[in-house]
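In our numbering, the protein residues as written are 78 to 348. No residue lacks a Cβ here, since even glycine has one placed at the ideal position from N, Cα and C.
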Ligand SMILES: Cc1cc2nc3c(=O)[nH]c(=O)nc-3n(C[C@H](O)[C@H](O)[C@H](O)COP(=O)(O)O)c2cc1C
């Protein structure tokens, strides 16, 4: 379960060495970004590489990230939304995670940084006039060595029973059923996917031949769709490793009222 192990170890890294990534690696990354852009981004989203991270650090310090905590890194990749469709947020996030997998394979670490509340004209000044709507950047580079015996920071993740339901929302899943369907590992590992503020808003309803993806619909802002895109990517990677090759189909979101929360339906996966 290679993808599973990858996910288990996948962490946001916030301490980067200041040294730049080697020229050859950066050239490969540029090529990877170009391919992803042409195949997936098209007219919906664009990836923009900022090779000289120092300039962004100076401008975004105290402004970007949670409560203005900018993450200093030698390089950044911005995710530029070219339109306002929900699918653009979802697949923008999906493909940024795809890029993160590529960067991790090259020995590089990453962390998403939110620019959600920054003024558009300030962003254009900082990130370039030709950009459209950059709401997220990705810090990347080499992780600073950790002092020996230091405890690696980790984020608490939901238990499977907290986000996987049977037939209807909030109906407890029988884990034997998950096991019998060969889906236990998949749900065990995708919990390690990153999410904004580690809110883990995704929920899954397992039906006979489909799985429905929903998001908790409380304090809703559109950016929660980013978390859907991220989890959809890892779910598809995990199913691929189980020999199921299918893709999520987006749906026009019903809202469900549960006992605990309201939920918005996002996508359906045919088993
Ligand atoms: C769309 C998105 C935006 C994020 N924005 C930030 C951010 O602004 N600052 C930050 O430190 N981490 C950010 N993160 C990282 C999450 O906080 C992190 O994934 C979560 O806490 C779980 O930790 P882990 O990635 O180490 O498992 C973001 C993650 C996502 C998916």
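Quiz item: Relative to ligand 1, is the shortest distance from any of its heavy atoms to the C-beta of residue 273 smaller than 7 Å?
Solution: yes
Quiz item: If you measure from the CB of residue 81, is any heavy atom of ligand 1 nearer than 7 Å?
Solution: no
Quiz item: Relative to the C-alpha of residue 322, which residue among 312, 330, 144 and 329 is closest?
Solution: 312
Quiz prompt | Counted within 10 angstroms of its Cβ, other Cβ atoms place residue 172 as buried (16 or more) or exposed | solution = buried
Quiz item: CA-CA distance, residue 309 and residue 149?
Solution: 28 Å
Quiz item: In terms of residues, what are the limits of the alpha helix (DSSP H) holding residue 257?
Solution: 252–257
Practice problem: Buried or exposed for residue 341, please, with buried defined as at least 16 other CB atoms from any protein chain shown within 10 angstroms of its CB. | Solution: buried
Quiz prompt | Cβ separation of residue 93 and residue 183, assumed to be a contact under 8 Å, to the nearest whole Å | solution = That pair is no contact at about 14 Å.
Quiz item: Measuring CB to CB, does residue 288 end up less than 8 Å from residue 346?
Solution: yes
Practice problem: Taking the CB atoms as reference points, tell me whether residue 335 and residue 246 lie closer together than 8 Å. | Solution: yes
Practice problem: Taking only runs that begin and end inside the segment 82–129, name each unbroken beta strand (DSSP E) of 3 or more residues, in chain order. | Solution: 122–127
Exercise. Return yes when the Cβ of residue 187 is within less than 8 Å of the Cβ of residue 90, no when it is not.
Key: yes
Exercise. Determine which residues share a DSSP beta bridge with residue 155 and list them.
Key: 125 and 214
Exercise. Rank 119, 152 and 146 by C-alpha distance to the C-alpha of residue 130 and give the top, closest one.
Key: 152
Quiz item: Quick one: Cα of residue 110 to Cα of residue 339, how far?
Solution: 37 Å
Self-check item: For residue 239 and residue 250, the rounded distance between their alpha carbons
Solution: Near 9 Å, if we compare the C-alpha coordinates of residue 239 and residue 250.
Quiz item: Can you find at least 3 beta carbon pairs, one from the segment 256–265 and one from the segment 133–149, that sit closer than 8 Å?
Solution: The segment 256–265 vs the segment 133–149: no contact.
Self-check item: Span separating the alpha-carbon of residue 118 from that of residue 243
Solution: 35 Å
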